[in-house]
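Residues -22 to -1, 1 to 94 (mature numbering (1 follows the signal peptide of the UniProt record, and there is no 0)) are what the sequence shown spells out, left to right.
Beta carbons are placed, not taken as given, at the ideal position from N, Cα and C, and that holds for glycine.
Have a look at the structure below, then the notes.
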Amino acid sequence: MRTISFYVAFGMIASSLGSAHALDAVGEGRRAWLRFNCYGCHGGNGAGGMGPNIQHTEAGDVSSAMWGDAREGGMRSFAGTGATLQDASNIAKYLASIGTAREPKWLQWWVPVPHK
Ligand code: HEC
């Protein structure tokens, strides 16, 4: 009996740590936003800092900012960082969620299920 509940508890912990927990696109965008340090220049919620306010920027503009050669004012290129077009698309969905009820505000991108 004790052994069974141990395995049940272990299974629950293991599944909450597993990578099976994909977030929705907005959550994955928040994760990429934090993981690639976009917030360091654009502020925690894209409202601007050393870089401009980019809330509600479309996916094409996010990817051209990340990989385009039209950058003039100090944004680094994300070529070679492992960032993908899917990340850019998710980041745009995150940026679109800002100011809405769906906006994620957690800071821990490294845990499978981030929370406040
Ligand atoms: C080192 C600071 C820095 C980091 C890190 C940074 N940015 Fe920027 N970003 C800037 C600056 C400065 C500008 C404005 C000038 C320019 O376009 O280079 C900018 C511009 C932009 C623009 C607007 C481009 C336009 O055409 O108006 C977008 C979108 C953007 N960044 C997205 C991102 C995303 C997404 C990340 C993370 C993957 C990120 N930035 C990381 C500094 C940064």
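Classify residue i: buried if its beta carbon has 16 or more other beta carbons within 10 angstroms, exposed otherwise.
i, result
"GLU36", "exposed"
"GLY38", "exposed"
"GLY77", "exposed"
"ALA25", "exposed"
"ASP65", "buried"
What does a CB cutoff of less than 6 Å around residue i pick up in its chain, not counting 5 residues either side in sequence?
i, result
"ILE69", "GLY7, ALA10, TRP11 and VAL40"
"TYR72", "VAL4, GLY7, ARG8 and TRP11"
Just confirm the distance between the C-beta atoms of residue i and residue j, as a whole number of angstroms; I'd bet it's less than 8 Å.
i, j, result
"CYS19", "GLY27", "6 Å"
Leaving aside the five residues before and after residue i along the sequence, list all residues of the same chain whose C-beta is less than 7 Å from its C-beta, in chain order.
i, result
"HIS(-2)", "PRO90 and VAL91"
"ALA74", "HIS34"
"GLY21", "GLY27"
"GLY29", "CYS19, HIS20 and MET53"
CB-CB under 8 Å to residue i, same chain, minus the five flanking residues each way: which ones, in chain order?
i, result
"PHE56", "PHE14, MET44 and TRP45"
"HIS93", "TRP84 and GLN86"
"ARG80", "VAL4"
"GLY63", "Looking at the sequence itself, residue 63 is Leu, so the reference to Gly does not match. Result list for LEU63: SER41, in chain order."
Ignoring anything shorter than 4 residues or poking outside the region 20 to 84, list the alpha helix (DSSP H) runs there in chain order. 37 to 45 and 63 to 75
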